[in-house]
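**Student:** Protein chains in written order, with this note's numbering: chain A, 144 to 554; chain B, 221 to 298.
We treat Cβ as the ideally placed atom computed from N, Cα and C, and that holds for glycine.
Below you will find the structure I want to go over with you.
Here is the structure:
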């Protein structure tokens, strides 16, 4: 058998919880972290609800020298990486750092530091703008600071692909391990768009929910859905080449069995997305009936969910009516760059605990989206799962994971 | 606040350990400051004292030397 990418560590920094255990408790209990925006005065904004991380202290995870140079989205990434490495019990100090890579997704860059930079520029003048403005806002900053922090020197890339940024990072990270470019990868994504300017820019896409009640603001596949709710946070998975992971006695959550990418020339169609799902299953050597749960994109806009339902039906045939579909991001908001990575973490933890997390806010089915949405946590074995991710303009990714049951556990 | 105390405050703000800061410590050689951190020191000095300290990118200086330079520029400014 050739080289395979297994997951040996999970790091989550999420509105629903910091660290995989706290996060997962919220997920299985169906506890939504969506709330009225409190980061800035949003009372006159067209968007009122978001998933914000409260109680995150960068200094708990990162040396001060890194904090002052970087934006909040990089703080999340550095923290999630620390958590993932600790979870994997992997000391990078003992690794050949030329074989270690960072593969990361981010869509929005750092709005916090941009707002500060604008104030400095227009109030104090060009010579008093902070020296980190140029580097800290940029979507590759997490990759840069992760490599600096750990001395990583191997093949690394960052991906900007709207809501499929994180999925793109995972897709190419798996490939980099399979093709032998890396032995260890910090694969993940991060996002921190909850600033006055960031929310404004996202609002201009026309896709954000205008709802004011957190309980119903984000309801993917529901007949009354009205858009995306933003979240913030990061997720990092430690990917390792399977044989070396086994050799060092690592705990293995599962593997990225295969992935596929596609682009729908008409984003409202979803046919190419369906083909990506079929192709990913084929590459993984699985049939639709082998899929235990689907973590859908579930953007929550009328057109996206309709296209996704169509894609799932086309790809899975009769099985589409049976395989449970869930969108846990309905409880913490869409994480764009960290989306798909967070859903992958959910799937692996679902495998560990034999529990499928629910989709919050889903009440009324939409005849145009006939997918079996999970509305309450379900106890059942999860051996393989699918993660779907789609950009607004139709770039799609399908990733198939196989779960390794916990040693000594059932499933 | 003396120039030396201000300089210490600026360095601590950047995340440099208090114990590592001494008059003889080289900004790059001992404190391993990078170019952005050097720019931030210049900005902070300008905000606090109204004088311009330009660091040569290839030369290293000690905390004490920066302190002397700032003191001299402030005196010159009157």
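Per DSSP, what kind of secondary structure is residue 554 of chain A in: helix, strand or coil?
**Tutor:** Low per-residue confidence applies at residue 554 of chain A: pLDDT is 38, beneath 50, and the placement is therefore not dependable enough to give any value.
**Student:** How close, in whole Å, do the beta carbons of residue 337 of chain A and residue 375 of chain A come, if the pair is a contact with beta carbons under 8 Å?
**Tutor:** 5 Å
**Student:** With a Cβ-Cβ cutoff of 8 Å, do residue 400 of chain A and residue 543 of chain A count as a contact?
**Tutor:** When the beta-carbon positions are compared, residue 400 of chain A and residue 543 of chain A come within less than 8 Å of each other.
**Student:** Pull out every residue of the region 191 to 215 of chain A whose Cβ sits closer than 9 Å to any Cβ of chain B, in chain order.
**Tutor:** 206, 207, 208, 209, 210, 211, 212
**Student:** Tell me the start and end of each unbroken alpha helix (DSSP H) in the region 261 to 290 of chain A that is at least 4 residues and wholly inside, in chain order.
**Tutor:** Look at the region 261 to 290 of chain A and you find these whole runs of alpha helix (DSSP H), each 4 residues long or longer: 276 to 279.
**Student:** Quick check: the Cα distance between residue 263 of chain A and residue 256 of chain A, rounded to an integer number of angstroms?
**Tutor:** 10 Å
**Student:** Check residue 150 of chain A in the structure and name its three-state DSSP category.
**Tutor:** strand
**Student:** Residue 505 of chain A and residue 363 of chain A - do their beta-carbons sit closer together than 8 Å?
**Tutor:** yes
**Student:** Can you list the residues of chain E that residue 235 of chain B reaches, using a CB-CB cut of under 8 Å?
**Tutor:** Among the chains of the structure shown, chain E does not appear; the protein chains present are A and B.
**Student:** Residues bridged to residue 247 of chain B by DSSP?
**Tutor:** In DSSP, residue 247 of chain B forms no bridge with anything.
**Student:** So, for residue 199 of chain A: in the same chain, excluding its five sequence neighbours on each side, which residues have a beta-carbon less than 7 Å away from its beta-carbon?
**Tutor:** 156, 161
**Student:** Assign residue 390 of chain A to buried or exposed, taking buried as 16 or more other Cβ atoms, counted over all protein chains shown, within 10 Å of its Cβ.
**Tutor:** Around the beta carbon of residue 390 of chain A, fewer than 16 other beta carbons lie within 10 angstroms, which makes this residue exposed.
**Student:** So residue 533 of chain A is in the alpha helix (DSSP H); what residue range does that whole segment cover?
**Tutor:** Premise fails: residue 533 of chain A lies in the beta strand (DSSP E), 527 to 533, not in any alpha helix (DSSP H).
**Student:** Taking a Cβ distance cut-off of 8 Å, strictly less, list which residues of the region 262 to 286 of chain B are near chain A, in chain order.
**Tutor:** 263, 266, 267
**Student:** If you draw a straight line from the C-alpha of residue 529 of chain A to the C-alpha of residue 240 of chain B, how long is it?
**Tutor:** 51 Å
**Student:** Would you kindly check if the distance between the Cβ of residue 223 of chain B and the Cβ of residue 287 of chain B is under 8 Å?
**Tutor:** Annotated as proximal: residue 287 of chain B and residue 223 of chain B, with beta-carbon spacing under 8 Å.
**Student:** Buried or exposed for residue 241 of chain A, please, with buried defined as at least 16 other CB atoms from any protein chain shown within 10 angstroms of its CB.
**Tutor:** Exposed, because fewer than 16 other Cβ atoms sit within 10 Å of the Cβ of residue 241 of chain A.
**Student:** Looking at the unbroken beta strand (DSSP E) that takes in residue 202 of chain A, where does it start and where does it end?
**Tutor:** For residue 202 of chain A, no beta strand (DSSP E) encloses it, and the DSSP letter there is neither H nor E.
**Student:** Return the CA-CA distance between residue 387 of chain A and residue 326 of chain A, expressed in angstroms with no decimal places.
**Tutor:** The alpha-carbon atoms of residue 387 of chain A and residue 326 of chain A are separated by roughly 8 Å.
**Student:** Any chance the region 205 to 216 of chain A sits against the region 174 to 185 of chain A, with 3 or more Cβ pairs inside 8 Å?
**Tutor:** no
**Student:** Report yes or no: do three or more beta-carbon pairs, one from the region 456 to 475 of chain A and one from the region 353 to 373 of chain A, lie closer than 8 Å?
**Tutor:** yes
**Student:** Does DSSP classify residue 508 of chain A as helix, strand or coil?
**Tutor:** Note: residue 508 of chain A maps to strand in three-state DSSP.
**Student:** In this structure, how does DSSP classify residue 541 of chain A when only helix, strand and coil are distinguished?
**Tutor:** strand
**Student:** For residue 485 of chain A, I'd like the list of residues in its chain whose CB is within less than 6 Å of its CB, leaving aside the five on either flank, ordered along the chain.
**Tutor:** 378, 478
**Student:** Determine the extent of the alpha helix (DSSP H) in which residue 233 of chain B is found, giving its start and end residues.
**Tutor:** 223 to 233
**Student:** Using the three-state DSSP reduction, which class does residue 238 of chain B fall into: helix, strand or coil?
**Tutor:** helix
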